[in-house]
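Student:
Number of protein chains: 2
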Amino acid sequence: MASIRAAARLRPMANRLPQKSTVRSHRLYATATATKSASTSANEQPYFPLEPSGPIIKTTIPGPKSKKAIADLDKVFDTRSLNMLADFQKSYGNYIADPDGNVLLDVYAQIASIPVGYNNPHLLEAATSKQMASALINRPALGNFPSHDWASILRTGILKVAPKGLDQVFTAMAGSDANETAYKAAFMYRRQQERGGAKVEFSEEEIASSMLNQSPGAPNLSILSFKSGFHGRLFGSLSTTRSKAIHKLDIPAFDWPQATFPQLKYPLEEHVAENKKAEEAALADVERLITTHHLPPAAVVIEPIQSEGGDNHASPAFFRGLRALTKKHNVLMIVDEVQTGVGATGKFWAHEHWNLETPPDMVTFSKKAQTAGYYFGNPELRPNKPYRQFNTWMGDPARAILFRAIIEEIERLDLVSHTAKMGDYLYSSIESLAKKYPGEFMNLRGKGQGTFIAFDSPRRDEFLKKAKSVGVNIGGSGQMAVRLRPMLIFQKHHADILLEAMEKIVKT
Amino acid sequence: MASIRAAARLRPMANRLPQKSTVRSHRLYATATATKSASTSANEQPYFPLEPSGPIIKTTIPGPKSKKAIADLDKVFDTRSLNMLADFQKSYGNYIADPDGNVLLDVYAQIASIPVGYNNPHLLEAATSKQMASALINRPALGNFPSHDWASILRTGILKVAPKGLDQVFTAMAGSDANETAYKAAFMYRRQQERGGAKVEFSEEEIASSMLNQSPGAPNLSILSFKSGFHGRLFGSLSTTRSKAIHKLDIPAFDWPQATFPQLKYPLEEHVAENKKAEEAALADVERLITTHHLPPAAVVIEPIQSEGGDNHASPAFFRGLRALTKKHNVLMIVDEVQTGVGATGKFWAHEHWNLETPPDMVTFSKKAQTAGYYFGNPELRPNKPYRQFNTWMGDPARAILFRAIIEEIERLDLVSHTAKMGDYLYSSIESLAKKYPGEFMNLRGKGQGTFIAFDSPRRDEFLKKAKSVGVNIGGSGQMAVRLRPMLIFQKHHADILLEAMEKIVKT
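Chains G and A supply the protein sequences, listed in that same order. Here this note's numbering is used: the first residue of the first sequence is 818, the next is one more, and so on. Here this note's numbering is used: the first residue of the second sequence is 818, the next is one more, and so on.
(1) Chain G beta carbons: is any one of them nearer than 8 Å to that of A/Phe1019?
(2) Would you mind sorting G/Tyr846 into buried or exposed? The rule is 16 or more other CB atoms within 10 Å of its CB.
(3) Is the shortest distance between the beta-carbon of G/Trp1171 and the beta-carbons of chain A less than 8 Å?
(4) Helix, strand or coil for G/Phe1047, going by three-state DSSP, please let me know.
(5) Just to confirm the assignment: which complete beta strand (DSSP E) runs, minimum length 3, are found wholly within the stretch 1138 to 1207 of chain A?
(6) Output yes or no for whether 8 Å exceeds the beta carbon distance between G/Thr1077 and G/Asp1102.
(7) Which word fits G/Leu890, buried or exposed, when buried means at least 16 other C-beta atoms lie within 10 angstroms of its C-beta?
(8) Can you tell me whether G/Ala1318 is buried or exposed, with buried defined as 16 or more other CB within 10 angstroms of its CB?
(9) Taking contact to mean 3 or more Cβ pairs, one atom from each stretch, closer than 8 Å, check whether the stretch 1054 to 1064 of chain G and the stretch 1093 to 1109 of chain A are in contact.
(10) Is there contact between the stretch 1247 to 1254 of chain G and the stretch 1274 to 1288 of chain G, where contact requires at least three CB pairs shorter than 8 Å?
(11) Would A/Lys1184 count as contacting chain G if we go by Cβ distances under 8 Å?
(12) Can you name the start and end residues of the beta strand (DSSP E) that G/Gln985 belongs to?
(13) Would you report the Cα separation of G/Asp915 and A/Phe987, rounded to the nearest angstrom?
(14) Give the interface partners of G/Leu971 over in chain A, defined as CB-CB distance under 7 Å, in chain order.
(15) Can you list, in chain order, the stretches of the alpha helix (DSSP H) that have 4 or more residues and sit fully within the stretch 1235 to 1294 of chain A?
(16) Mind listing which residues of the stretch 937 to 964 of chain G have their C-beta closer than 7 Å to chain A's C-betas, in chain order?
(17) Kindly list, in the order they appear in chain B, the residues whose Cβ is closer than 9 Å to that of A/Leu1051.
(18) Could you spell out where the beta strand (DSSP E) holding A/Ala1116 opens and where it closes?
(19) For G/Gln1080, count neighbouring Cβ atoms within 10 angstroms of its own Cβ and tell me buried if that reaches 16, exposed if not.
(20) Could you work out which residues of chain A lie near G/Ala886, taking near to mean beta carbons separated by less than 8 Å?
(21) On a CA-only basis, which of A/Phe1165, A/Ile1151 and A/Asn900 is nearest A/Thr1157? Give me that one, please.
(22) Using DSSP with H/G/I as helix, E/B as strand and the rest coil, what is A/Ile913?
(23) Could you list which residues in chain G have their beta carbon closer than 7 Å to that of A/Ile1068, in chain order?
(24) Pairing CB atoms from the stretch 943 to 952 of chain G with CB atoms from the stretch 1208 to 1219 of chain G, are three or more of them under 8 Å?
(25) Using the beta-carbon count (16 or more within 10 Å), is G/Glu1226 buried or exposed?
(26) For G/Phe1258, I'd like the list of residues in its chain whose CB is within less than 7 Å of its CB, leaving aside the five on either flank, ordered along the chain.
(27) Looking only at its own chain, which residues have a Cβ that is under 6 Å from the Cβ of A/Ala929, when we skip the five neighbours before and after it?
(28) Closer than 8 Å by C-beta to G/Thr998: which residues in its own chain qualify, once you throw out the five before and the five after it? Chain order, please.
(29) Could you tell me which chain A residues have their CB closer than 8 Å to the CB of G/Val986, listed as they occur along the chain?
(30) Considering only C-alpha positions, which residue in the set G/Phe962, G/Thr1057 and G/Ser1234 is nearest to A/Phe894?
(31) Determine whether the Cβ of A/Ala1062 lies closer than 8 Å to any Cβ atom of chain G.
(32) Exposed or buried, which one is A/Asp812 when buried takes at least 16 other CB atoms within 10 Å?
(33) Have a look at A/Thr1108, A/Gly910, A/Leu1243 and A/Gly880 and flag the residue whose alpha-carbon is nearest the alpha-carbon of A/Leu867.
(34) Just checking: is the beta-carbon of A/Pro1203 within a distance shorter than 8 Å of some beta-carbon in chain G?
(35) Can the beta-carbon of G/Pro1069 be found less than 8 Å from the beta-carbon of A/Phe1019?
(36) Just tell me which of G/Thr1162, G/Ile1291, G/Arg1262 and G/Lys1282 has its CA closest to the CA of G/Val1233.
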């Protein structure tokens, strides 16, 4: 049994995990002067010195305690998509624990949404601060009654890391509504232009027809998205999502257009001309749809790396071409950085890799930010009247305070640069593995994109299942992709455990 | 100046407000044996003994400090819908404070979403618990990696107050996505029935067409809602929202049907036959749309009291008739309790007033619950395969923990019964005011519905503005409604302050 072998290989580290439910002080935590830990390679200071030196496998997963608890949970909460029952109080740094005492190296990280480690002590400080307590128990209707410290929370947090050229934000709850509110802003902007500017009043016809869900008040406009893109699962966002049928079946959708996304061939350096052609064809498709679709697009929405769709990349030239096309046709460009944002690609925002001449019109975020919303710069993207972009909560200051603490951790440990370096190491190591095991690590992608790395596996689902038995929690996406989504605090010694585990998987 | 008069009338109570940002112990808090406070009437124990005895007006609102801070906030965050800048750390119980030292009796309560008082000590305990800290800093992807204590958090919280007959929940982030995920469940259920049951596989045509946003995969079905209803502002929910044009203008919408909502005449006892006829006509309209609309409704969504639309009521008989119609035509009934739920109507759920023979198929909640989702009972409303109803976070355990604490407070203080009684007092008192000031408190409504009371004002916006100057924060809705949304801890001495303030408003 692989699980027993893995357990035997590793010295039991459970007693080195923090025993209390949460870690109370920086004493347990990395500082610039932290001494070398046994679990760390020679040149590396561990960010979480008390992490176990490796995974701990005590049972098959799910083990008996988890099985019992899952059966109980299933009575009230659908558990068919359950991957692993977690014990977060016992999870730490890069390691996720379960109720059976198993502790896995986690390179899936809550679907790419844990940035700086489980039970991060600095986040714990933020979570137990007075400001957090007030934000939790006095939740404001932000649009009506923001708190006196909201501007400061924004400036020292969400806006401190705003993409270049975008200095304002509309806050939201999660990725789907971040995208949908950005779409709404795009539609309002477009119609305002068509009407002749912010000062022109709505017509009687617009007012009356909007209440009937009919044009012109509810206009015949669209958002253009790309094949295999993913932008969320509410009705507007799902209409732009083209990842998998299971995400879309039985749900009514807007008849909005989808453009071809270039399907690059790997390795890139061997398919330069072919890939360039594919990107040009995709851009031509975008232009065709912008100019001919029966519901004209008010905006194009695109992910820097199509994540749920299987980690599909395109070149910076493609994105610059897309920016040029949107400018040419006066269509907004919304970059969906829900999964790519906040450091994992070796830039804080993945679109920084593109060197655009003008910034995107809007950039949406969620996941690792632990809060959500869209950034924008053009003041005309504020609707011309109040209450047009509005809802009761409009986000959550508690989560915005947490994002600020995450940003502080990223800055303190210089984690974006770190992730760029770690990505290079991880990528080249998998490249070596791919050579050693032909056909097992196909279409390796993400070079120069931090740890945002993926490859195709001919037996993907089995690969992911086996990963657990050798101590690693990994996620998939698309039809056959294994996607690596380690946290920003993923270090060389973690990479080495991951690489060893992946070799084990393909060897057995 | 009304504001100066109000300030003079009240003895300065600022020194009795808790001076620290939050209240740290139950010592400061009501218990069953709390002694009578000066601010309380003879028969009443104050829930928050250290509340001020009345509002404190120090400046016009916004005052100079607020004005400066609002101008600053506006640089990065749209403030045109800002009602009042709040200082939540200084707010307490029923009173909201601002940076200028003004303290208002708050009967708007963050758009009806604060249930048990600002800085409620029991909520503070929950907010500073270890379980909360872990939920904040280790946010799970609930569908994949729920925590081992998630079943317990659900059972002792959200599910403890599940409406009769509904024993399961799908958790969400806010009212809009609570409704939209309920709509998705309705569509999947409907199509499953049309296909012949849960075991019948999707056809090739369904799979292919769903990816193109076309029928049959993206079916030509609808959700039926009512005129002047409000169900949220994302694309699916906004397609069912019919409150105001400003909520809908410029946003594409599904061509879904809207039924007439009965427009009752007040006082009800003087218009019995007329109102009965209006309700019968509305039900006939529903049946017509269910049987003839070109996009057949998979579900009907309705609020127990149309809240944003102006506090429009209908009788229990109307809702029983609607339930019968939905049963007859095999259409699901979704009751949107986002604003009416959690005690304010004198029942925990407003639809308990109806005595339905069979429970609604789904009930959505948010606002006072501080978390969101939909309850359901029929196991077939779980989609037939995993990942059909799914997203990264699927709610927020931190907010679910807070709802549990809210439920504990409601039970400890028996706040639902309390609110029923308070509502009777408040309603009859406003009824007297209405007689004293004819034409100022029109169409008083909400009798027997707890404190969920509203009336029309011939000069509503002025009324709301003046309210602040006499120390009360009140909200409006619809075209001319003043809606009262006090917290569940609103007591007789607060009602007396409110009544006195309202009289002042109409007298000046």
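Think of the CB as a built atom: it goes at the ideal place given N, C-alpha and C, for glycine as much as any other residue.
Tutor: Answer, in terms of the structure:
(1) Numbered from its first residue, the second sequence carries residue 1019 of chain A at position 202. Output row for A/Phe1019: interface = yes.
(2) Within the first sequence, the letter at position 29 stands for residue 846 of chain G. Low per-residue confidence applies at G/Tyr846: pLDDT is 40, beneath 50, and the placement is therefore not dependable, though the value from the model is reported in the following sentence. Result: buried.
(3) Taking the first residue of the first sequence as position 1, residue 1171 of chain G is located at position 354. Taking Cβ atoms only, chain A never reaches closer than 8 Å to G/Trp1171, which makes this a no.
(4) Indexing the first sequence from 1 puts residue 1047 of chain G at position 230. Residue state, collapsed to three classes: coil.
(5) 1149 to 1153, 1179 to 1182 and 1189 to 1193
(6) On the first sequence, residue 1077 of chain G is found 260 positions in, with the first residue counted as 1. On the first sequence, residue 1102 of chain G is found 285 positions in, with the first residue counted as 1. Going by C-beta atoms, G/Thr1077 is nearer than 8 Å to G/Asp1102.
(7) Residue mapping note: residue 890 of chain G aligns to position 73 of the first sequence, counting from 1. Classification for G/Leu890: buried.
(8) As a position in the first sequence, residue 1318 of chain G is number 501, starting the count at 1. The residue is buried, with at least 16 neighbouring Cβ atoms inside 10 Å.
(9) no
(10) no
(11) Against the second sequence, residue 1184 of chain A aligns to sequence position 367. Chain G contact via Cβ: present.
(12) Here residue 985 of chain G corresponds to residue number 168 of the first sequence, with the count starting at 1. Gln985 to Ala989 is the extent of the beta strand (DSSP E) around G/Gln985.
(13) Taking the first sequence and counting its residues from 1, one reaches residue 915 of chain G at position 98. Taking the second sequence and counting its residues from 1, one reaches residue 987 of chain A at position 170. Answer to the nearest angstrom: the Cα atoms are 23 Å apart.
(14) Against the first sequence, residue 971 of chain G aligns to sequence position 154. Those within 7 Å of G/Leu971 in chain A are Val893 and Phe894.
(15) 1277 to 1286
(16) Asn937, Leu940, Leu941, Ala944, Thr945, Lys947, Ala950, Ser951, Leu953, Ile954, Asn955, Arg956, Pro957, Ala958, Gly960, Asn961, Phe962, Pro963 and Ser964
(17) In the displayed structure, chain B is absent; the protein chains listed are G and A.
(18) One-based indexing of the second sequence puts residue 1116 of chain A at position 299. Its beta strand (DSSP E) spans residues Pro1114 to Ile1119.
(19) Reading the first sequence from its first residue, position 263 is the one you call residue 1080 of chain G. With fewer than 16 Cβ atoms within 10 Å of its Cβ, G/Gln1080 is classed as exposed.
(20) For the purposes of this step, residue 886 of chain G is identified with residue 69 of the first sequence, where counting begins at 1. Those within 8 Å of G/Ala886 in chain A are His965 and Ala968.
(21) Here residue 1157 of chain A refers to the residue found at position 340 when the second sequence is read from its first residue. The shortest Cα separation from A/Thr1157 among A/Phe1165, A/Ile1151 and A/Asn900 belongs to A/Phe1165.
(22) Residue 913 of chain A sits at position 96 when you count from the first residue of the second sequence. It is a strand residue.
(23) Residue mapping note: residue 1068 of chain A aligns to position 251 of the second sequence, counting from 1. Simply Lys1001, Phe1004 and Ala1035.
(24) yes
(25) Residue 1226 of chain G sits at position 409 when you count from the first residue of the first sequence. The residue in question, G/Glu1226, is buried, as its Cβ has 16 or more Cβ neighbours within 10 Å.
(26) Stepping through the first sequence from its first residue, residue 1258 of chain G is reached at position 441. Here the set comprises Ile1247, Leu1250, Ala1251 and Phe1272.
(27) Here residue 929 of chain A corresponds to residue number 112 of the second sequence, with the count starting at 1. Same-chain partners within the cutoff: Gln1156, Lys1184 and Arg1302.
(28) Your numbering for residue 998 of chain G matches position 181 in the first sequence. Cβ within range, chain order: Phe987, Ala989, Gly1190, Tyr1191 and Gln1206.
(29) As a working note, residue 986 of chain G is residue 169 in the first sequence. Per Cβ cutoff of 8 Å: Val893 and Phe894.
(30) On the second sequence, position 77 is the one that residue 894 of chain A refers to. Of the listed residues, the one whose Cα sits closest to A/Phe894 is G/Phe962.
(31) One-based indexing of the second sequence puts residue 1062 of chain A at position 245. At least one chain G Cβ lies under 8 Å of A/Ala1062.
(32) The requested residue 812 of chain A does not occur in the structure, where chain A is confined to residues 818 to 1325.
(33) Taking the first residue of the second sequence as 1, we reach residue 867 of chain A at position 50. For A/Leu867, the nearest C-alpha among the options comes from A/Gly910.
(34) For this step, residue 1203 of chain A is matched to residue 386 along the second sequence. Output row for A/Pro1203: interface = yes.
(35) Working through the first sequence from its first residue, we reach residue 1069 of chain G at position 252. Working through the second sequence from its first residue, we reach residue 1019 of chain A at position 202. No; because the gap between Cβ atoms is not below 8 Å, this pair is not in contact.
(36) Counted from its first residue, the first sequence places residue 1233 of chain G at position 416. When only C-alpha atoms are compared, the closest one is G/Thr1162.
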